[in-house]
Amino acid sequence: MSPLLLWLGLMLCVSGLQAGDEEEHKCFLEGENLTLTCPYNIMLYSLSLKAWQRVRSHGSPETLVLTNTRKADFNVARAGKYLLEDYPTESVVKVTVTGLQRQDVGLYQCVVYLSPDNVIILRQRIRLAWCQGKPVMVIVLMCGFILNKGLVFSVLFVFLCKAGPKVLQPSKTSKVQGVSEKQ
């Protein structure tokens, strides 16, 4: 096996170990809502506090909403536009952010909150990005495609109609040649 292949395999293994640092990118428009789920290990964290945090470039993450109960069936917390629903029997936290605005652009994480300095990230961090006009562009492209397709078929239809059906008839020269060959 070549040294290059070994090196590439090693790099793949090492990069796989850093999967917790990866981000999931989500695009939003003003006024939209974000809902996502964060699964966790039921045996380890079902009775732990959960939180939704904004990750700053420097310093500690900002806790936006934090559950304050440790019930075995359901825990809920609301802070402004942030809603956190913990379903311990299903081992999942549901996060809802309503009315997203441009200032909500940034990096977020769903965590088990053991203490302010000790959290366990439950899933890939979410990078929220502003996507102004994305749906409009999709609509314009789809309309253009449909109109273009319709135009092509209309032109093709006109040409086929103008050409009309053509019936191939044997030419007279081939009959004459056939008769002369028999003689």
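According to the numbering used here, the sequence shown is numbered sequentially starting from 929. All C-beta atoms, glycine included, are put in the ideal place defined by N, C-alpha and C.
Shortest Cα-Cα distance from valine 1021 to any of Tyr1010, Ser985, Leu1028, Cys955 involves Tyr1010.
Shown here, glutamine 981 sits in a strand according to DSSP, grouped into three states. Straight-line measurement puts the Cα of valine 1033 at about 15 Å from the Cα of proline 989. Taking all protein chains in view, the Cβ of leucine 1042 is surrounded by fewer than 16 other Cβ atoms within 10 Å, so the residue is classified as exposed. As DSSP reads the structure, valine 1025 sits in a beta bridge with Leu962, Tyr1010.
Following the DSSP letters along the chain, one finds tyrosine 1036 inside the beta strand (DSSP E) bounded by residues 1034-1043. By the CB criterion at 8 Å, threonine 1026 and asparagine 961 fall inside the cutoff.
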